[in-house]
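To start, the structure itself, in structure tokens.
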Amino acid sequence: MAISNTRNVPGQEELLNKFSLREIIFKYLAYLPLFLLCIVVFMGAGAIYTRYAIPKYKATANMLVKVGDDNSISNNNNDLISSTLLGGRRVNLDNEIERLRSAVFLERVVLAKDFNINYFNEGKIKRSNLYNDCPFEMIPIQIADSSASYSFYVNVLNDSGGEIAKRIKEKSNKIAFKWNDTISYLGNKFILKPRKNEKVVISLVPYYVVWKPISLTAKQLKDALSVISLSVKTTIITLSMIGENPK
Numbered sequence: 540m541a542i543s544n545t546r547n548v549p550g551q552e553e554l555l556n557k558f559s560l561r562e563i564i565f566k567y568l569a570y571l572p573l574f575l576l577c578i579v580v581f582m583g584a585g586a587i588y589t590r591y592a593i594p595k596y597k598a599t600a601n602m603l604v605k606v607g608d609d610n611s612i613s614n615n616n617n618d619l620i621s622s623t624l625l626g627g628r629r630v631n632l633d634n635e636i637e638r639l640r641s642a643v644f645l646e647r648v649v650l651a652k653d654f655n656i657n658y659f660n661e662g663k664i665k666r667s668n669l670y671n672d673c674p675f676e677m678i679p680i681q682i683a684d685s686s687a688s689y690s691f692y693v694n695v696l697n698d699s700g701g702e703i704a705k706r707i708k709e710k711s712n713k714i715a716f717k718w719n720d721t722i723s724y725l726g727n728k729f730i731l732k733p734r735k736n737e738k739v740v741i742s743l744v745p746y747y748v749v750w751k752p753i754s755l756t757a758k759q760l761k762d763a764l765s766v767i768s769l770s771v772k773t774t775i776i777t778l779s780m781i782g783e784n785p786k
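Residues 540 to 786 in my numbering are what the sequence shown spells out, letter by letter.
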């Protein structure tokens with residue numbers, strides 16, 4: 540019966556480990572150019588996305604819903620104590636939240652602040668929402684179809700006026716206008732006038748103006764608006780909205 544005797548040569552195990560580590564390093568060094576190419580491509584794609592992506596902004600506000608006068612200490616002392624101990628509240632915040640999100644209320648807000656008229660700065664790749672930073676504003680007088688959306692470009696601005704076109708480089712359906720004059724374009728009548736304290740400078744950069752129906756804008760505003768109660772024991776409502784313009 541043969542008996543095998545295996546002896547570990549001193550340093551042999553360390554030599555095998557070093558050899559294995561060297562093999563692994565040289566094995567992956569062959570893919571080093573591919574790794575570097577992937578890093579360059581991904582960093583370039585991230586830089587392009589950061590440069591041209593439209594940023595999103597979130598605005599948050601808290602609104603206190605006051606309790607009626609019948610909750611005064613002199614008249615309802617017992618109710619005040621029980622409300623404090625039990626954490627109850629006399630205001631039905633669910634009704635107030637639904638009122639803030641109602642179509643009628645949001646349409647009034649849109650009409651009062653002209654949220655259905657959007658102004659954009661036309662760039663080579665993306666459009667930037669200007670809101671009130673546009674040097675002029677549109678005042679509708681007569682809209683042919685209030686259920687449809689309309690858009691046009693304002694080109695070649697100067698002190699007296701500019702040009703209106705359906706597209707940027709369109710030669711047909713292009714008209715010249717003057718500030719504060721009534722403009723008839725594609726069946727609609729409106730006025731373009733410089734904003735207060737805004738000086739209109741000569742500019743060849745086109746502006747994109749969009750008029751949308753009030754009901755459609757109110758629906759979009761409702762979808763972007765979040766109205767929640769701050770806590771069960773308070774009468775504070777938190778409103779938040781996400782949009783493309785910080786204002």
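Glycine is no exception: its CB is placed at the ideal position from the N, C-alpha and C atoms.
Keep in mind that this is a model prediction, so the values were computed, not measured.
**Request:** Tell whether a beta-carbon distance below 8 Å holds between Tyr670 and Asn727.
**Result:** By one-based count along the sequence shown, residue 670 stands at place 131. By one-based count along the sequence shown, residue 727 stands at place 188. Going by C-beta atoms, Tyr670 is not nearer than 8 Å to Asn727.
**Prompt:** Which two residues bound the contiguous alpha helix (DSSP H) that contains Val643?
**Reply:** Within the sequence shown, the letter at position 104 stands for residue 643. Counting along the chain, the alpha helix (DSSP H) containing Val643 begins and ends at 642 to 652.
**Request:** Classify Tyr746 as buried or exposed, calling it buried when 16 or more other Cβ atoms lie within 10 Å of its own Cβ.
**Result:** Numbered from 1 along the sequence shown, position 207 holds the residue referred to as residue 746. Classification for Tyr746: buried.
**Request:** Measure the C-alpha to C-alpha separation of Leu778 and Ser754 and round it to an integer number of angstroms.
**Result:** On the sequence shown, residue 778 is found 239 positions in, with the first residue counted as 1. On the sequence shown, residue 754 is found 215 positions in, with the first residue counted as 1. So the two alpha carbons sit approximately 21 Å from each other.
**Message:** Tell me the rounded alpha-carbon separation between Met582 and Ser770.
**Reply:** Residue mapping note: residue 582 aligns to position 43 of the sequence shown, counting from 1. Residue mapping note: residue 770 aligns to position 231 of the sequence shown, counting from 1. The straight-line gap from Cα to Cα measures roughly 44 Å.
**Message:** If you reduce the DSSP assignment to three classes, tell me which class Lys663 lands in.
**Reply:** Taking the first residue of the sequence shown as position 1, residue 663 is located at position 124. The answer is coil: DSSP assigns Lys663 none of H, G, I, E or B.
**Asked** Between which two residues does the beta strand (DSSP E) harbouring Gly585 extend?
**Response** Translated into the one-based positions of the sequence shown, residue 585 becomes position 46. Looking at the DSSP string, Gly585 is not in any beta strand (DSSP E); the run it does join, the alpha helix (DSSP H), is 571 to 591.
**Request:** Compare the C-alpha of Ser699 against each of Ser742, Glu783, Ser641 and name the closest.
**Result:** Translated into positions along the sequence shown, residue 699 becomes position 160. It is Ser742 whose Cα lies nearest to the Cα of Ser699.
**Message:** Can you tell me whether Thr832 is buried or exposed? The criterion is at least 16 other CB atoms within 10 Å of its CB, across all chains shown.
**Reply:** The structure shown has nothing for residue 832, since the chain only spans 540 to 786.
**Request:** For Gly585, count neighbouring C-beta atoms within 10 Å of its own C-beta (all shown protein chains included) and say buried if the count is 16 or more, exposed if not.
**Result:** Stepping through the sequence shown from its first residue, residue 585 is reached at position 46. Exposed: under 16 other Cβ atoms inside 10 Å.
**Request:** Would you mind working out which of Val749, Val648, Ile664, Asp762 sits nearest Ile656, comparing C-alpha positions?
**Result:** Within the sequence shown, numbered from 1, the residue matching residue 656 stands at position 117. It is Val749 whose Cα lies nearest to the Cα of Ile656.
**Request:** Return the residue from the list Lys713, Leu725, Gly701, Arg706 that minimises the CA-CA distance to Asn719.
**Result:** Residue numbering aside, residue 719 sits at position 180 when the sequence shown is read from its first letter. The shortest Cα separation from Asn719 among Lys713, Leu725, Gly701, Arg706 belongs to Gly701.
**Request:** Use the C-beta contact count for Phe565: other C-beta atoms within 10 angstroms, 16 or more gives buried, fewer gives exposed.
**Result:** To locate residue 565, count along the sequence shown from 1; it is residue 26. Looking at its Cβ environment, which holds fewer than 16 other Cβ atoms inside 10 Å, Phe565 is exposed.
**Item:** Reference Ile587; option with closest CA among Lys665, Glu783, Ala757
**Value:** On the sequence shown, position 48 is the one that residue 587 refers to. That would be Lys665, whose Cα lies nearest to the Cα of Ile587.
**Neighbourhood of Cys673 by C-beta distance below 6 Å, restricted to the same chain and skipping five residues each side** = Reading the sequence shown from its first residue, position 134 is the one you call residue 673. Here the set comprises Tyr658.
**Item:** Cross-strand partners of Ser690 (DSSP beta bridge)
**Value:** As a working mapping, residue 690 is identified with position 151 in the sequence shown. Ser690 is bridged to Val749.
**Item:** Per-residue DSSP class, three states only, for Lys509
**Value:** The shown model of the chain, from 540 to 786, leaves out residue 509, and the question about it has no answer.
**Request:** Return yes when the Cβ of Ile730 is within less than 8 Å of the Cβ of Ile775, no when it is not.
**Result:** As a first step, residue 775 must be located in the sequence shown, where it is residue number 236. As a first step, residue 730 must be located in the sequence shown, where it is residue number 191. The answer is no: Cβ separation not under 8 Å.
**Prompt:** Taking Cβ to Cβ, would you say Lys705 is nearer than 8 Å to Phe716?
**Reply:** On the sequence shown, residue 705 is found 166 positions in, with the first residue counted as 1. On the sequence shown, residue 716 is found 177 positions in, with the first residue counted as 1. In this structure, Phe716 does not lie closer than 8 Å to Lys705 by Cβ.
**Asked** Asn660 and Asn784: beta carbons closer than 8 Å?
**Response** Mapped onto the sequence shown, residue 660 falls at position 121. Mapped onto the sequence shown, residue 784 falls at position 245. Taking C-beta atoms as the reference points, Asn660 and Asn784 fail to come closer than 8 Å.
**Element boundaries [alpha helix (DSSP H), containing Ile636]** = For the purposes of this step, residue 636 is taken as the residue at position 97 of the sequence shown. Residues 632 to 639.
**Asked** How about Phe654 and Leu760: do their beta carbons lie closer than 8 Å?
**Response** Looking up residue 654 in the sequence shown gives position 115. Looking up residue 760 in the sequence shown gives position 221. Closer than 8 Å, so yes.
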